[in-house]
Amino acid sequence: MQKPPIFIATQNAERYQELLEDRLGRSIDITLANTQGEVVSNYGRQPVVLGRPDFLIPLLNTKPPVQWLQSTWAGVTPLAHHSFRDYQLTGVKGVFGQQMAEYVLTHLLAFESKLTARIQSQSSKLWDDSLSGTIQDKTIGIMGTGSIGTAVAQTCVQLGMRAIGFNTSGLQVAPFEKVFATDELTAFLEGCDYVVGILPDLEATTNLLDAAAFASMKDTALLINVGRGNLIDDNALLWALEQGEIAAAVLDVFKQEPLPATDSLWSASNLTITGHIAAVSRPDDIARLFAENYKRFASHQPLLHLINFDKGY
Numbered sequence: 174m175q176k177p178p179i180f181i182a183t184q185n186a187e188r189y190q191e192l193l194e195d196r197l198g199r200s201i202d203i204t205l206a207n208t209q210g211e212v213v214s215n216y217g218r219q220p221v222v223l224g225r226p227d228f229l230i231p232l233l234n235t236k237p238p239v240q241w242l243q244s245t246w247a248g249v250t251p252l253a254h255h256s257f258r259d260y261q262l263t264g265v266k267g268v269f270g271q272q273m274a275e276y277v278l279t280h281l282l283a284f285e286s287k288l289t290a291r292i293q294s295q296s297s298k299l300w301d302d303s304l305s306g307t308i309q310d311k312t313i314g315i316m317g318t319g320s321i322g323t324a325v326a327q328t329c330v331q332l333g334m335r336a337i338g339f340n341t342s343g344l345q346v347a348p349f350e351k352v353f354a355t356d357e358l359t360a361f362l363e364g365c366d367y368v369v370g371i372l373p374d375l376e377a378t379t380n381l382l383d384a385a386a387f388a389s390m391k392d393t394a395l396l397i398n399v400g401r402g403n404l405i406d407d408n409a410l411l412w413a414l415e416q417g418e419i420a421a422a423v424l425d426v427f428k429q430e431p432l433p434a435t436d437s438l439w440s441a442s443n444l445t446i447t448g449h450i451a452a453v454s455r456p457d458d459i460a461r462l463f464a465e466n467y468k469r470f471a472s473h474q475p476l477l478h479l480i481n482f483d484k485g486y
């Protein structure tokens, strides 16, 4: 098997090189770029590229002779939106589900146990013996029924929740009891105790959760967004929280990241903000996926986890 040279463009590129050499051997020619500024100058016309989507935009602007590009992120929006598409693009599948499920579950349990209020009570030296809620028999609605959404749903179902899904077509996917299509958004939201956003950044998903959407949700509902920040109309969310149209929200992704210190979201009541940490790219996981696809590429077999440029996922 021939071993095509590889170009790695990401932070901690040396770690990726070590992992790939352990899996594929040390005879492969590997070139590195640890910063975006090094990408164009260090690239040596390698047919295989592994890297961060944001790092690779300057390279795509040069229309490089790349044949296959592996993203280190779950989201590939910068690459999918670029006009240069003369290559195969693969995403990261099957490695973020566990992390996302743990993040979602953490905040579901914190919400039902009234954790924030209890911490405040402790700080005020107040004995708080109010009853906690439970996730048992609650309905969790997951917007996005791909590998990550399915993994989150499986975890929730195992813990006694009912999972319903939302996707473009309404195509039924296990373990969701029912999957709603785009034109059924209101019916989907009306039935949810918890709503979890795991949708990609597409024109069709931008501000999908707007004022009308929040008005259709239960006033006891919790919203968690771990997909992309474009899903939510921020002003509509602030209004919904202020007016009690929904009970609380947890946001891990935003239209602008890092979230500016002047943004009104920081001071919103019943809103928890985290810094895009629900699921992170771990070099060991990415290297494992890449190595499997590299062997396929070198032996002219179809690649796994190909991205449809038009769909963006």
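Under my numbering, think of the first position of the sequence shown as 174, with each following residue one higher. We treat Cβ as the ideally placed atom computed from N, Cα and C, and that holds for glycine.
With respect to the alpha helix (DSSP H) encompassing residue i, which residues constitute its N-terminal and C-terminal limits?
i, result
"K468", "456-471"
"A186", "186-197"
"A386", "384-389"
"N408", "407-416"
"V453", "It is not in any alpha helix (DSSP H) - V453 carries neither H nor E in the DSSP assignment."
"G370", "First-last for G370: 367-370, but that is the beta strand (DSSP E), not the alpha helix (DSSP H)."
"V268", "Run containing V268: none; DSSP gives neither H nor E here."
"V325", "320-331"
Less than 8 Å between the CB atoms is what I'm expecting for residue i and residue j, so what's the real figure, rounded?
i, j, result
"S244", "V221", "So it is not a contact: roughly 13 Å between Cβ atoms."
"F228", "T204", "That pair is no contact at about 14 Å."
"S286", "S305", "5 Å"
"T323", "L278", "That pair is no contact at about 15 Å."
"G343", "E357", "7 Å"
"R218", "P231", "Not confirmed; about 15 Å, so no contact."
"D392", "K311", "Between K311 and D392 the Cβ distance is about 15 Å, and since that is not below 8 Å, they are no contact."
"L411", "A441", "6 Å"
Compute the Euclidean distance between the alpha carbons of residue i and residue j, then round it to the nearest angstrom.
i, j, result
"A360", "N408", "23 Å"
"S320", "Q272", "12 Å"
"I292", "F269", "30 Å"
"T183", "N207", "5 Å"
"A422", "A290", "15 Å"
"E430", "W300", "39 Å"
"M334", "K351", "13 Å"
"L233", "V330", "42 Å"
"D406", "Y467", "40 Å"
"A347", "Y276", "21 Å"
"S296", "F284", "18 Å"
"P178", "Q209", "20 Å"
"P433", "K298", "34 Å"
"T263", "A186", "18 Å"
"A488", "P373", "As displayed, the chain neither begins before 174 nor continues past 486, which places residue 488 out of reach and without an answer."
"H255", "R188", "28 Å"
"V212", "F482", "22 Å"
"E194", "H478", "22 Å"
Given a cut-off of 8 Å, decide if residue j and residue i are closer than it, judged by their beta-carbon atoms.
i, j, result
"F118", "E418", "It is not possible to answer for residue 118, since the shown part of the chain is limited to 174 through 486."
"G317", "G248", "no"
"L395", "A420", "yes"
"L476", "Q261", "yes"
"R341", "A326", "For clarity, residue 341 is Thr in the given sequence; the question names Arg instead. No. Outside cutoff."
"G485", "T250", "yes"
"K236", "S200", "no"
"F339", "G314", "yes"
"V426", "M390", "no"
"D457", "L192", "yes"
"I308", "L281", "yes"
"L424", "N398", "yes"
"L444", "L414", "yes"
"A384", "M174", "no"
"R196", "A460", "yes"
"I480", "A253", "yes"
"W439", "I450", "no"
"W246", "S454", "yes"
If you follow the beta strand (DSSP E) that residue i is in, where does it begin and where does it stop?
i, result
"V423", "421-424"
"A336", "335-339"
"I201", "Unbroken run through I201: none, as it is neither H nor E."
"F180", "179-182"
"F353", "351-353"
(message) Going residue by residue through the region 278-318, where are the continuous alpha helix (DSSP H) segments of at least 4 residues, counting only ones entirely within it?
(response) 288-296
(request) Quick one: which unbroken alpha helix (DSSP H) runs of 4-plus residues sit fully inside the region 209-264? Chain order, please. (result) 209-215, 226-233, 250-253
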